[in-house]
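K.L.:
Number of protein chains: 2
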Amino acid sequence: MGGDGLVVTERTRLRRIREQGSHRRGDLDAVLATGFLCHLGVVVDGTAMVVPTAYGVDDGQLYLHGSVASRSLVQAPGSTVCVTVTHVDGLVLARSVFEHSVNYRCAMIYGVPRLVTDPDEKLRGLRALTEQSTPGQWEYVRQPNRKELAATALLALDLDEASVKTRTGPPDDGDSEDAALGLWAGVLPVVTTFGEPVADPVLAADVLPPAHVTSRVGRPPGE
Amino acid sequence: MGGDGLVVTERTRLRRIREQGSHRRGDLDAVLATGFLCHLGVVVDGTAMVVPTAYGVDDGQLYLHGSVASRSLVQAPGSTVCVTVTHVDGLVLARSVFEHSVNYRCAMIYGVPRLVTDPDEKLRGLRALTEQSTPGQWEYVRQPNRKELAATALLALDLDEASVKTRTGPPDDGDSEDAALGLWAGVLPVVTTFGEPVADPVLAADVLPPAHVTSRVGRPPGE
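This is the structure we're talking about:
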């Protein structure tokens, strides 16, 4: 614990024992690198609101964006938010209902988001968002113009206060008396990959998807 | 809006126009049936905390569980929580950065969870949780004993106040002036399926996975 850079606070201190926790920056970076969607938690009218949204990472900052009309983003600057990124790796099927679990990797980041107003940082943040899900896409497509930049709300969040939790491996009851039941136990993996690209129906048939898109087919996000 | 059963409140009223929203109970049920993991948002010390956790559905109730030690579950009863279930279906790759999006299905449920104490309902809730991810597993494995039931915190949440948002289809800029750029545009599907079961290493080699597990290989959750 303590690790190389992440601040351990009361709310990121790891409490559960059965799962593995980490405050290492490298573990956080690895979880963030594997996906592009997070769940953003904001307090709205005293109640938590949890919305899925895309993210990007650049220079120790997590960037989140959305329409200016989005309630959660309008409320977020100035108050603490929680951003959670979860990858599900498998169902842990044990000999007893009680020992069932899920193999997963999860990062939780707390911070007070900053509304990005500097045009250069806004471009960098949007680039990070675009490249997070589709590396190579930023250079391939038309980049934002001034009007589009103005219509995009972009939030930046420090990656300092965070924790990572993971569960891996078989069920925990292999050495329990339930092992004598003779039941099958193990993990049913959950596999997430990209499928074959589906062209926009209005596209001319001779316009083929670029290599940075086709190269991802059959591979998981982040690879 | 209004639909067949879900209550439309200020916080579930659909605000964004570009995505499709629904307050129909059937749409909610369809999103919930396709997964087993939600993100639970709870206010802890004035800040939203977003934790991934498994869920089950039975008789109009959403059941969530976890260790009694889990902070979010201990705090949740008596205060309003937000439960969000998100399925990512594809990256929407447009001609301009600005029009990039994600195809998804998302359900958001608000309510004040109730701590389940009745042993019969606790069993029904745990059954729903187990069967949500792995149909057939409840009858196959050893069901909870009294001690295990006592050690499990189970929350029930009414499904009445909820909204569903989805985005499907190609990018929106097929009829814009960017179409003249001649770039490929379309959707890169995200496909989630179950992989080949991985046996617990301590298991005897002649113990084979049951049909309700092997039948799911190559299929997505909820099918």
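Chains as they are written, first to last, in my numbering: chain A, -11 to 211; chain B, -11 to 211. For every residue, glycine included, the Cβ atom is placed at its ideal position computed from N, Cα and C.
Alpha carbon to alpha carbon, how far is Arg12/A from Leu117/B? Give it in angstroms, no decimals.
P.N.:
The straight-line gap from Cα to Cα measures roughly 32 Å.
K.L.:
Could you check if Val190/A is buried or exposed, using at least 16 other CB atoms within 10 Å of its CB as the buried criterion?
P.N.:
exposed
K.L.:
Reducing DSSP to helix, strand and coil, say where Ser84/B ends up.
P.N.:
For Ser84/B, the three-state secondary structure derived from DSSP is strand.
K.L.:
What does DSSP give as the partner residue(s) for Val30/B in the beta ladder?
P.N.:
DSSP output for Val30/B lists Met37/B as bridge partner(s).
K.L.:
Excluding sequence positions up to five away, which residues of its chain have a Cβ less than 7 Å from the Cβ of Pro123/B?
P.N.:
His200
K.L.:
Can you tell me the Cα-Cα spacing of Thr156/B and Val80/B, whole angstroms?
P.N.:
9 Å
K.L.:
With 8 Å as the threshold, decide whether the Cβ of Glu127/B is near any Cβ in chain A.
P.N.:
no
K.L.:
Quick one: give me the first and last residue of the beta strand (DSSP E) that Leu176/A is part of.
P.N.:
174 to 182
K.L.:
Against Gly162/A, what residues of chain B qualify as contacts under a CB-to-CB distance less than 9 Å, listed in chain order?
P.N.:
By Cβ distance, chain B contributes Asp188, Pro189, Val190, Leu191.
K.L.:
Considering Ala95/A, what are the terminal residues of the beta strand (DSSP E) in which it resides?
P.N.:
89 to 99
K.L.:
Take the Cβ of Gln49/A as the centre, count every other Cβ of all protein chains shown within 10 Å, and call the residue buried at 16 or more, exposed below.
P.N.:
buried
K.L.:
Leaving aside the five residues before and after Val100/B along the sequence, list all residues of the same chain whose C-beta is less than 6 Å from its C-beta, in chain order.
P.N.:
Thr68
K.L.:
Are any of the Cβ atoms in chain A nearer than 8 Å to that of Ser10/B?
P.N.:
no
K.L.:
Return the residues of the region 86 to 113 of chain A that lie within a Cβ-Cβ distance of less than 8 Å from chain B, sorted by chain order.
P.N.:
For the region 86 to 113 of chain A, the beta-carbon criterion of a distance under 8 Å to any beta-carbon of chain B is satisfied by Phe86, His88, Val90, Tyr92, Cys94, Met96, Tyr98.
K.L.:
Apply the 10 Å Cβ neighbour rule to Glu184/B and answer buried if 16 or more other Cβ atoms are within range, or exposed otherwise.
P.N.:
exposed
K.L.:
Taking the beta strand (DSSP E) that Leu20/B falls in, what are its first and last residues?
P.N.:
No beta strand (DSSP E) contains Leu20/B, which is instead part of the alpha helix (DSSP H) from 13 to 21.
K.L.:
Compare the C-beta of Val45/A with all C-beta atoms of chain B and state if any pair is closer than 8 Å.
P.N.:
no
K.L.:
Going by Cα to Cα distance, which pick from Asp146/A, Glu119/A, Phe86/A is closest to Val104/A?
P.N.:
Asp146/A
K.L.:
With 8 Å as the threshold, decide whether the Cβ of Thr22/B is near any Cβ in chain A.
P.N.:
no
K.L.:
Name the one or two DSSP bridge partners that Leu103/A has.
P.N.:
Leu143/A
K.L.:
If the cut is a Cβ gap below 7 Å, which residues of chain B does Thr154/A touch?
P.N.:
Correct list: empty, because the minimum Cβ distance to chain B is about 12 Å.
K.L.:
Listed from N- to C-terminal order along the chain, which residues in the region 157 to 184 of chain A have their beta-carbon within a distance smaller than 8 Å of any beta-carbon of chain B?
P.N.:
Answer in chain order: Pro158, Pro159, Gly162, Asp163, Asp166, Ala167, Leu169, Gly170, Leu171, Trp172, Ala173, Gly174, Val175, Leu176, Pro177, Val178, Val179, Thr180, Thr181, Phe182, Gly183, Glu184.
K.L.:
Please check if any C-beta of chain B sits within less than 8 Å of the C-beta of Glu119/A.
P.N.:
Not closer than 8 Å to any Cβ of chain B, the Cβ of Glu119/A fails to qualify, so no.
K.L.:
Any Cβ of chain B within less than 8 Å of the Cβ of Val69/A?
P.N.:
So, interface residue.
K.L.:
Distance, Cα to Cα, Ala95/A vs Lys153/A?
P.N.:
6 Å
K.L.:
Using 8 Å as the cut-off, can you tell me whether the region 82 to 93 of chain B makes contact with the region 129 to 137 of chain A, which would need three or more C-beta pairs spanning the two stretches below that distance?
P.N.:
yes
K.L.:
In or out: Ser203/A buried (at least 16 other Cβ within 10 Å) or exposed?
P.N.:
Under this definition Ser203/A is an exposed residue.
K.L.:
Classify Leu196/A: buried if its beta carbon has 16 or more other beta carbons within 10 angstroms, exposed otherwise.
P.N.:
When all chains shown are included, Leu196/A counts as exposed.
K.L.:
Using a Cβ-Cβ cut-off of 7 Å (strictly less than) and excluding sequence neighbours within five positions of Leu176/A, which residues of its own chain qualify?
P.N.:
Closer than 7 Å at the Cβ level, and outside the excluded window around Leu176/A, lie Gly78, Leu79, Leu81.
K.L.:
Using a Cβ-Cβ cutoff of less than 7 Å, which residues in the same chain neighbour Pro40/B once the five nearest sequence positions on both sides are dropped?
P.N.:
If we look at Pro40/B and ignore the five residues flanking it on each side, its Cβ neighbours are Leu25, His27.
K.L.:
Just how far apart, CA to CA, sit Gly277/A and Val179/A?
P.N.:
What is shown of chain A runs -11 to 211, which leaves residue 277/A out entirely.
K.L.:
The ligand PLP and Leu16/A: does the residue's C-beta get closer than 7 Å to at least one heavy atom of that ligand?
P.N.:
As presented, the structure is devoid of all ligands, the ligand PLP included, so that no description of it is given.
K.L.:
For Val19/B, return the contacting residues in chain A, with the cut-off set at a CB-CB distance below 9 Å.
P.N.:
Result: empty, since nearest Cβ-Cβ is about 12 Å, beyond 9 Å.
K.L.:
Here's the rule: buried if 16 or more other CB atoms are within 10 angstroms of the residue's CB, otherwise exposed. What is Asn91/A?
P.N.:
buried
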